[in-house]
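Since the structure comes first, as structure tokens, the remarks are kept for the end.
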Amino acid sequence: MALHILFAWLALFLPLLLFLFSVKNSNNKKKNFPPGPPPLPIIGNLHQLGHLPHQSLWKLSRRYGPVMLIRLGGVPAIVASSPEAAREVLKTHDLDCCSRPRLVTTGRLTYDSLDVAFVEYGNYWRELKKLYVLELFSAKRVHSFRYIREEEVGSMIESIAKSAESGTLINLSQKFVALTANFTCRVAFGKALRWAEFEDGRFMHLTHEALAMLGSFSASDYFPRFGWIVDRFTGLHSRLEKSFHNLDDLYQKVIEEHRNANKSNEGKEDIIDLLLKMEKDQTEFAGLRLKEENIKAILMDIFLGGMDTAAIMLDWTMAELVRNPRVMRKAQEEIRSCVGNKKWVGEDDLSKLKYLNLVLKEVMRLHPPSVLLLPRETMDHFKLYGYDVDPKSRVLVNVWGIGRDPGLWERPEEFVPERFEESSIDYKGNHFELLPFGAGRRRCPGMSFAMATVELTLANVLHSFDWELPEGMTERDVSIEEGAGIAVFKKVPLTLLPVKVSHEANA
């Protein structure tokens, strides 16, 4: 509906825009731009993106090459679809491509206006990354949240066990979302603030609405001069404002609770405690002191960034395991053999689970958490594969396409964890064939945070239960259809029957 309205507005501005378009094209004829599909006037290549842009871009790249130029309305975008091209933009030209586009949708939900105040200092985001890597998501900090992970996973396993006793099917997708949300809330906000219980589900609604907004189409992002008219007409602008203010109210409430609380257990401080301490100590970033608005911005990053990544990975992993019983049995045999007759898989056991690590690599190859890495924006002109790349161009890395390239992977559409047995490829940004968390300066700082949750959850789910499909279903009936969004989720929820496996207590 929004696109139909957009095209109607475009018709009104068509004469002026055609003139501007022709002038711009005459200035660009002297440059050697990357190849790409011919754009239409005004809308560029937006009509070719389809419901799942990463798939459409992959098909186009098979024709136009691993470095491709498309037009997103009035915005040029470079699409990298090979490990070599990804290395160029994420490593060789990392400094030229390390900015972020000022997206209207993202900006309204992530305190983007704060960045304006820091732009002239130039290195705010670098300082913020140091905070994430050295403090919030350091190995020591991630380890300190171990007790929360174990409590939340244990609670989920006990809940599933009740369904197993009664022979009741469960929506495993929903279980994973609740688990990761509860864990994220406890880590970020403290206490036992639980996603499903907060104010009669209001928190759940806030989360869903914010994630929906982040994955929405904003005309202002692609038509900066007049797209705001369309966004106001379609109601997107007001929805964004309302979503932002609701989340801001939540963060304000939780911050005030922390300010007024008497901390009795210093060993279990949460992220807000840490940030408030830094505010009190007048910690500086890029020459400016950390303020309450910065704390809210960081909470927004953790909250929205951490809510769905781990849940989506768990969902896709279980779906692929159910579709491939051989792999499921092999993973379960390894876990049960390593853990023995213990009731739970502890974090100390995870390093022994080599095959489980292969399974997760294969899942991230086929179903990366971010199919198109969060867009970057070029800061200067540079040459890429001999082609000209202008400043203010978007840069998209098609991680999904790289993971399914038949030139890189044998039988790329098949789920075969063993392909990584003799391979040194990892997912930490060192190998550009597998980039679920990106690489370079903009690599996801919460990688270890997410993977710690995924590994512990998956190991316990496979250790404690066997899994059966609903009556009448076969492995091939399990859908792997993708849903559209900022992170591509499994469109059809995974519903399975858990069968409890008995583990005798240690002597």
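Heads up: the sequence shown is residues 1 to 507, going by the UniProt record's numbering. Backbone N, C-alpha and C fix where the C-beta goes; we use that ideal spot for every residue, glycine too.
In the displayed model, Ala-487 falls within coil according to three-state DSSP, outside both helix and strand. Sequence-distant partners of Ser-159 (beyond 5 residues in either direction) whose C-beta falls short of 8 Å from its own C-beta, in its chain, are Lys-175. The beta-bridge partner set that DSSP reports for Trp-316 is empty. Taking C-alpha positions only, Val-461 is separated from Ile-157 by approximately 7 Å.
Distance between Leu-57 and Leu-396, taken at the CA atoms: about 10 Å. Counting C-beta atoms within 10 angstroms of its own C-beta, Glu-334 has 16 or more neighbours from the protein chains shown and is therefore classed as buried.
Around the beta carbon of Asn-324, 16 or more other beta carbons lie within 10 angstroms, which makes this residue buried. Around Gln-282, the same chain offers Arg-289 as residues with beta carbons nearer than 6 Å, after the five sequence neighbours per side are excluded.
Burial is judged here by how many other beta carbons sit within 10 angstroms of a residue's own beta carbon; Tyr-147 has fewer than 16 and is exposed. The Cβ atoms of Tyr-387 and Asn-45 do not sit closer than 7 Å to each other. Taking the CA atoms as reference points, Glu-421 sits about 49 Å from His-237.
Nearest in C-alpha terms to Met-300, of all of Ala-178, Glu-279, Gly-346 and Asp-248, is Asp-248.
Ser-220 and Leu-72 have their C-alpha atoms roughly 11 Å apart. For Trp-400, the enclosing alpha helix (DSSP H) starts and ends at 399 to 402. Around the beta-carbon of Pro-101, 16 or more other beta-carbon atoms lie within 10 Å, marking it buried. Within the stretch 345 to 420, complete alpha helix (DSSP H) segments of at least 4 residues are found at 354 to 366 and 399 to 402, given in chain order. Contact annotation: Pro-369 and Pro-436 have beta-carbon atoms nearer than 7 Å.
Sequence-distant Cβ neighbours of Leu-372 in its own chain, meaning closer than 8 Å and more than five residues away, are Pro-53, His-54, Leu-57, Leu-396, Val-397, Asn-398, Val-399 and Trp-400. For Phe-137, no alpha helix (DSSP H) encloses it, and the DSSP letter there is neither H nor E.
Minimum Cα-Cα distance from Ala-77 among the listed residues His-245, Glu-151, Ser-61 and Thr-495 corresponds to Ser-61. Taking a cut-off of 8 Å on C-beta distances, the stretch 358 to 367 touches the stretch 403 to 422, as three or more cross pairs fall below it. The beta carbon of His-93 sits closer than 6 Å to those of Phe-382, all from its chain and outside the five residues before and after it, given in chain order. In this structure the stretch 337 to 347 does not touch the stretch 492 to 501; the number of beta carbon pairs closer than 8 Å is below three.
Per DSSP, the beta bridge partners of Pro-498 are Trp-467.
In the DSSP assignment, Ser-99 forms a beta bridge with Glu-377. With a cutoff of 7 Å on beta-carbon distance, Asn-246 and Leu-276 are scored as not near each other. When rounded, the separation of the alpha-carbon atoms in Leu-172 and Ala-86 is 34 Å.
Val-322 has its alpha-carbon roughly 19 Å from the corresponding atom of Val-488. Counting the other CB atoms within 10 Å of its CB gives Asp-477 a total below 16, which places it among the exposed residues. Taking the Cα positions, Leu-169 is about 30 Å away from Ala-210. In this model, Thr-457 and Val-153 are separated by some 6 Å (Cα to Cα).
For Gly-50 and Lys-59, the gap between their C-alpha atoms comes out near 11 Å. Taken through DSSP and simplified to helix, strand or coil, Gly-36 comes out as coil.
In this chain, the alpha helix (DSSP H) harbouring Val-177 covers 172 to 189. Between the beta-carbon of Arg-419 and that of Glu-410 there is about 7 Å, and that keeps the pair under the 8 Å contact cut.
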